[in-house]
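>
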Amino acid sequence: MLYMSKILLRNKDIPNSQSLEVYTGRGGYNALRKALSLPQDDVISMVYESGLRGRGGAGFPAGAKWRMLTKYRVKTVYLICNADEGEPGTFKDRFIMEFDPHLLLEGMLITAYATGAHHGFIYIRGEYDWIAKILVKAIDEAQAHGFIGNNILGSSFSFFVDVFRGAGSYVCGEETALIESLEGKAGRPRLKPPFPAASGLYGDPTLIHNVTTLSYIPFIIGNGPDAFKSAGKAGSGGTHIFGISGHVNKPGIYEYPMGTTLRELIYEAAGGIRGGKHLKAVVPGGMSAPILKADEIDVSMDYQALNAIGTMLGSGGIVVLDEDTSIPMIAQKTAKFYAHESCGQCAPCREGTNMIKYLIDKIIAGEGTAKDIEQILRLCRYIRGSTICAFGIAATLPIAAMIKKFRNEFEALLRD
Amino acid sequence: MKNISLHIDGKYVQTPGGSTILAAAKQNGIHIPTLCYHPRTRQAGKCRLCVVEVKGLPGLQVSCSIQAQDGMVVLTHTERIIETRKMIVELYLSNGKHNCMSCEACGSCELQAVAYHLGIEKSDFPAVDKDMPVDMSCPMIIRDMNKCIQCYRCIIACNDIAVNEVLDMGYRGSKMTVVCDTDKPMGKSSCVVCGECVQLCPTGALTEKKAIGKARHWETEKVRTTCPYCGVGCQLQLHVKDNEIVKVTGAEDVEPNYGSLCIKGRFGYDFVHSPLRLKSPLLRKDGRLEEVSWEEALNFTAKRFSEIKQAHGPDSIVGIGCARSTNESAYVMMKFMRAVIGTNNIDHCART
Chain U
151 MLYMSKILLR
161 NKDIPNSQSL
171 EVYTGRGGYN
181 ALRKALSLPQ
191 DDVISMVYES
201 GLRGRGGAGF
211 PAGAKWRMLT
221 KYRVKTVYLI
231 CNADEGEPGT
241 FKDRFIMEFD
251 PHLLLEGMLI
261 TAYATGAHHG
271 FIYIRGEYDW
281 IAKILVKAID
291 EAQAHGFIGN
301 NILGSSFSFF
311 VDVFRGAGSY
321 VCGEETALIE
331 SLEGKAGRPR
341 LKPPFPAASG
351 LYGDPTLIHN
361 VTTLSYIPFI
371 IGNGPDAFKS
381 AGKAGSGGTH
391 IFGISGHVNK
401 PGIYEYPMGT
411 TLRELIYEAA
421 GGIRGGKHLK
431 AVVPGGMSAP
441 ILKADEIDVS
451 MDYQALNAIG
461 TMLGSGGIVV
471 LDEDTSIPMI
481 AQKTAKFYAH
491 ESCGQCAPCR
501 EGTNMIKYLI
511 DKIIAGEGTA
521 KDIEQILRLC
531 RYIRGSTICA
541 FGIAATLPIA
551 AMIKKFRNEF
561 EALLRD
Chain X
13 MKNISLHIDG
23 KYVQTPGGST
33 ILAAAKQNGI
43 HIPTLCYHPR
53 TRQAGKCRLC
63 VVEVKGLPGL
73 QVSCSIQAQD
83 GMVVLTHTER
93 IIETRKMIVE
103 LYLSNGKHNC
113 MSCEACGSCE
123 LQAVAYHLGI
133 EKSDFPAVDK
143 DMPVDMSCPM
153 IIRDMNKCIQ
163 CYRCIIACND
173 IAVNEVLDMG
183 YRGSKMTVVC
193 DTDKPMGKSS
203 CVVCGECVQL
213 CPTGALTEKK
223 AIGKARHWET
233 EKVRTTCPYC
243 GVGCQLQLHV
253 KDNEIVKVTG
263 AEDVEPNYGS
273 LCIKGRFGYD
283 FVHSPLRLKS
293 PLLRKDGRLE
303 EVSWEEALNF
313 TAKRFSEIKQ
323 AHGPDSIVGI
333 GCARSTNESA
343 YVMMKFMRAV
353 IGTNNIDHCA
363 RT
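These protein sequences, in sequence, are chains U and X. All letters in the first sequence, in the order written, are residues 151 to 566 by the working numbering. All letters in the second sequence, in the order written, are residues 13 to 364 by the working numbering.
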């Protein structure tokens, strides 16, 4: 039987969960109190030991990221919360921010305390305007009660948070593009190195985390790293919020331990395929995660298992496709999205995503040739790894997987 | 800085610490193709043609931006690298409108050169229709964005070298293009027409209006000279065909301008071949200007200076130096006024 464990969504269905009163009434900000009583390095160690990995999609170990910052404590350190949730099929961060904004703020406060940051920004996607208002209200409330501001809870720690709304670019979820955008420039990724830990916002050391990652911090500090680890499986500790959409009976967000199988999520949590149809394919972790065929859904949803079968956990946005779906049409939508969202800065991505879109459009229009399929695969192969940021990978992996796994569907559309 | 040593393509090479991989390769005679990199605009990391493989680092690394490290093992010509470069150049050719036959940049075009060296006769990708209007609004510069490869050189030139801050990248994705101010035609923008962008453009996207159709790059003789317009002494490269200046560029390897020029130095060369140009002194005789020899002109001037000085005193004469003159000429002018004429009435046009 599927066991739903709630770390992040435990307050979601409580009435008035956005208010400070409800949050503190359910034990909120106790983890912050505990953290402030500990030396900074102990807090970092707890996060390090928990094995928490970034939930934005890349899965970088959070503790390791924090440790990089410690040598820069003498400088101004910025903390940025990446709330630019733009990965198609992903809608986990918005629920945390909408229903439990103080959980995120507490996570940011503990993170800031441990890493020496005194100013934080929440970079939220422009479309989430009502959520931005919820966050601003929560920040004001926290500030009025001494959780944010100077000398928090009587300690020597001070921290301020600002909410910054993005302007609708997908690539601003990439950390250096986000920083550029936050600085008021066009959202285009920077060349790396230097990485934000060394030179980020305004050239100062910067720590950037996804909303979900930061929201796990209060649980880890409050309950200890082992409690977090044991909530998942080895190497992939904790839970994950899965946003299930597409042709299922009960689309929505579900928090389950890492290691839950994709089959369980689709057929038990989300109630199976709509209209009793057969499953054709699943995108397991947001649009940039390579697609899985129906016979691959017994995979355990964790970093290692998904990597082993050539895809990734990504942002946990699961898109379920039934038997009536045309994979080339999905490929067309994907290609259109990435061609539109490419920042245009580097040649392989700008020209390549546009060419992939052009070729898929050509195939869908019934004018494609076998060579066009080969050229798309060629583009997917060589755009990867040659671009400034990971966008090039995100744009090509899903297309290549769709062609590889459903090649017959593409071939059926060819002219000859 | 202390030298470091690394392996590039199996060759043991040395380079000063702090060099990029690209610089290290170049110093040791290993060619890595580039399009966005230029010594004056430095690394941009945009074209990704200079990608190399570095042992221990994932994916491909851009050699123009990554510092060479002691003991690094670098490969510059693996199959993956060559295929990536070919893909990029083919994409450039398919997504732009490049016709070497008619292009002004033919022969000096870096995209053409890279395509040649990679053995690309024709792109394997279908040509994507690109038909952006050619911006002819600037009196001196033609902007054909169909040939632009978004290398950022002109933008770095405009913002960081000339510091006119006119050009920037506008729009996103495949629609990304260089814009003047808020996407105005160049002739209606705040552009001061220094031409720095034209000189650094690797393709025919930015060309000089006056040079169109005059000569192919290889037909001209390059003559180094000093700009006659002011005392800075900018070094010019005249592009001369059949004894006619068809184009002027800044000499990039030398003081004081390292390639930069102003609108006059770069575009104001018509006077050289103008039939209206004065080639000998003119002296007004009976109300009409007549050509005379230098000897006659100087003798007349000296005579009149002496007469005026005797009749009205030395302070009746004022000398104003010209901004085109060098420090040395200005000094001589000052000396002439004080010692020969005997007045302190000496000034300079740049001060008034």
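For glycine and all other residues, C-beta sits at the position ideal for the given N, C-alpha and C. Keep in mind that this is a model prediction, so the values were computed, not measured.
Identify whether VAL175 (chain X) lies in helix, strand or coil by the three-state DSSP scheme.
coil
> Taking only the alpha-carbon atoms, compute the straight-line gap between TYR222 (chain U) and VAL197 (chain U) and give it to the nearest angstrom.
19 Å
> Taking C-beta to C-beta, are LYS159 (chain X) and THR215 (chain X) nearer than 9 Å?
yes
> Report yes if the CB atom of ALA458 (chain U) is closer than 9 Å to the CB atom of PRO548 (chain U), and no otherwise.
no
> Contact criterion: CB-CB distance below 9 Å. Does MET341 (chain X) meet it with respect to chain U?
The question names Met, yet the displayed sequence has Ser at residue 341 (chain X). Not one beta carbon of chain U lies nearer than 9 Å to the beta carbon of SER341 (chain X).
> For CYS502 (chain U), which residues in chain X fall below 9 Å Cβ to Cβ?
The question names Cys, but residue 502 (chain U) in the sequence shown is Gly. Neighbourhood of GLY502 (chain U) in chain X, by CB distance below 9 Å: MET99, ILE100 and LEU103, in chain order.
> Please report how far the alpha carbon of GLU330 (chain U) lies from the alpha carbon of GLY337 (chain U), in whole angstroms.
In a straight line, the C-alpha of GLU330 (chain U) is about 5 Å away from that of GLY337 (chain U).
> Taking DSSP as the reference, what is the three-state secondary structure of HIS360 (chain X)?
strand
> From ILE100 (chain X) to MET505 (chain U), what does the alpha carbon distance come to, in whole angstroms?
11 Å
> Tell me the residue span of the beta strand (DSSP E) that contains THR362 (chain U).
Premise fails: THR362 (chain U) lies in the alpha helix (DSSP H), 361 to 373, not in any beta strand (DSSP E).
> If the cut is a Cβ gap below 7 Å, which residues of chain U does LYS142 (chain X) touch?
Near LYS142 (chain X) there are no residues of chain U at all, since even the closest Cβ is about 10 Å away, more than 7 Å.
> Could you tell me the boundaries of the beta strand (DSSP E) in which LEU288 (chain X) lies?
From DSSP, LEU288 (chain X) is part of no beta strand (DSSP E); its letter is neither H nor E.
> Just the Cα atoms here: how many angstroms apart are PRO138 (chain X) and GLY374 (chain U)?
58 Å
> Just tell me which of U:ILE367, U:LYS383, U:GLY421 and U:LEU471 has its CA closest to the CA of ALA212 (chain U).
U:ILE367
> Starting from PHE560 (chain U), follow its DSSP beta bridges and name the residues at the other end.
According to DSSP, PHE560 (chain U) bridges with nothing at all.
> Residues in its own chain within less than 6 Å of PRO344 (chain U) by CB, not counting five upstream and five downstream?
none
> What residue from U:ARG176, U:GLU171, U:LEU170 and U:SER169 has the CA that sits closest to ARG160 (chain U)'s CA?
Measuring from the Cα of ARG160 (chain U), the nearest candidate turns out to be U:ARG176.
> Can the beta-carbon of LEU34 (chain X) be found less than 9 Å from the beta-carbon of TYR49 (chain X)?
yes
> At the level of alpha carbons, what is the spacing between ASP136 (chain X) and ASP143 (chain X)?
20 Å
> Quick check: what's the CA-CA separation for THR475 (chain U) versus PRO51 (chain X)?
52 Å
> Counting along the chain, where does the beta strand (DSSP E) carrying HIS19 (chain X) start and finish?
15 to 20
> Name the two residues that bound the continuous alpha helix (DSSP H) containing GLN322 (chain X).
Residues 306 to 324.
> Which residue from U:VAL193, U:VAL398 and U:TYR453 puts its Cα closest to that of ALA384 (chain U)?
U:TYR453
> To the nearest angstrom, report how far apart CYS170 (chain X) and GLU208 (chain X) are at their CA atoms.
Near 7 Å, if we compare the C-alpha coordinates of GLU208 (chain X) and CYS170 (chain X).
> Counting contacts by CB-CB distance shorter than 9 Å, is THR461 (chain U) in contact with chain X?
Not an interface residue.
> DSSP three-state call for CYS166 (chain X): helix, strand or coil?
helix
> Taking the alpha-carbon positions, what's the VAL311 (chain U) to SER386 (chain U) distance?
30 Å
> Among the candidates X:ILE257, X:THR232, X:MET148 and X:PRO240, whose CA atom is the shortest distance from the CA of SER201 (chain X)?
Among X:ILE257, X:THR232, X:MET148 and X:PRO240, the Cα nearest to that of SER201 (chain X) is on X:MET148.
> So what's HIS129 (chain X) in DSSP terms, helix, strand or just coil?
HIS129 (chain X): helix per DSSP, three-state reduction.
> Closer than 9 Å between beta carbons: that is the criterion. Which residues of the segment 35 to 67 of chain X meet it against chain U?
Listed by position along the chain: LEU47, CYS48, GLN55, ALA56, GLY57, LYS58, CYS59, ARG60, LEU61 and VAL63.
> Taking Cβ-Cβ distances shorter than 8 Å, what residues in chain U pair up with SER77 (chain X)?
Within chain U, the residues near SER77 (chain X) are LEU341.
> Rounded to the nearest angstrom, what separates GLY316 (chain U) and TYR278 (chain U) at their Cα positions?
9 Å
> Which residues in the same chain as ASP180 (chain X) place their Cβ atom closer than 7 Å to its Cβ, once the five residues preceding and following it in sequence are excluded?
ILE167 and VAL191
> With the cut-off set at 9 Å, would you say ILE275 (chain X) and MET157 (chain X) are in Cβ contact?
With respect to the 9 Å criterion, ILE275 (chain X) and MET157 (chain X) are not classified as neighbours on the basis of their beta carbons.
> Taking DSSP as the reference, what is the three-state secondary structure of ASP254 (chain X)?
Residue state, collapsed to three classes: coil.
> Out of U:SER195, U:ALA520, U:PHE249 and U:LEU188, state which residue places its alpha-carbon closest to the alpha-carbon of ASN166 (chain U).
The option with the nearest alpha carbon to ASN166 (chain U) is U:PHE249.
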